[in-house]
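S.K.: Okay, so the sequence shown: first residue is 175 according to this note's numbering, each after it adds one. Got a structure here, written out as structure tokens. Questions coming.
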Amino acid sequence: MADSLDSLVRANYLKTTLVVTSLKSGKQYTYNETRAGQQFLPASTFKIPNTLISLQEKAISGLHDTIRWDGNKRFIKSWNHDQDLNSAFQISCVWFFQELATRVGQDAFLSYLKKMEYGNQL
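Structure (structure tokens):
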């Protein structure tokens, strides 16, 4: 696996890190250990826990549950209309995911992030 991943990373000039932990054995595989120890903003990767938390808390019911656009024009044109989870995920529509987090509420959201041991622990 390491050789395949290394070839893929080099062929595409990627700066990447991958940490995989087996749920059964607890064994961990790390690609680019030095970089794995550095801190980075989660950026678009945060859509994943945001979506899972929002679905769990019923802030949204599924892929095609639509949130109406608030009419504020954003710099990315594709954001400037109603979105469902499917479309918002594909175009990284920030306002949509911010709305989900607002619906969940800060206390509940932070509780889930702590349970997930997500990011820097508060």
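For every residue, glycine included, the Cβ atom is placed at its ideal position computed from N, Cα and C. None of these values were measured; they are calculated from a predicted model.
Take every Cβ of the segment 234-254, pair it with every Cβ of the segment 263-277, and state whether three or more of those distances are shorter than 8 Å.
M.R.: As far as the Cβ criterion goes, the segment 234-254 touches the segment 263-277, which means the pair count is three or higher.
S.K.: Across the segment 196-212 and the segment 255-264, are there enough close Cβ pairs to call them in contact, namely three or more that are closer than 8 Å?
M.R.: With the cut-off at 8 Å, the segment 196-212 and the segment 255-264 do not touch.
S.K.: Out of curiosity, what's the CA-to-CA distance linking T204 and N294?
M.R.: Distance between the alpha carbons of T204 and N294 is about 19 Å.
S.K.: For L274, is the classification buried or exposed, using 16 other Cβ atoms within 10 angstroms of its Cβ as the cut-off for buried?
M.R.: Buried is the call here.
S.K.: From the DSSP output, read off the bridge partner residues of D258.
M.R.: Beta-bridge pairing links D258 to T240.
S.K.: Using 8 Å for Cβ pairs, my map puts I234 next to D256. What's the rounded Cβ distance?
M.R.: About 13 Å separates the two Cβ atoms, so there is no contact after all.
S.K.: Shortest alpha-carbon distance to F271 belongs to which of L182, T219, L192 and L197?
M.R.: For F271, the nearest C-alpha among the options comes from T219.
S.K.: Around the Cβ of L182, are there at least 16 other Cβ atoms within 10 angstroms (buried) or fewer (exposed)?
M.R.: Looking at its Cβ environment, which holds fewer than 16 other Cβ atoms inside 10 Å, L182 is exposed.
S.K.: With burial defined as no fewer than 16 other Cβ atoms inside 10 Å of the residue's Cβ, what is the status of K198: buried or exposed?
M.R.: Per the 10 Å Cβ criterion, exposed.
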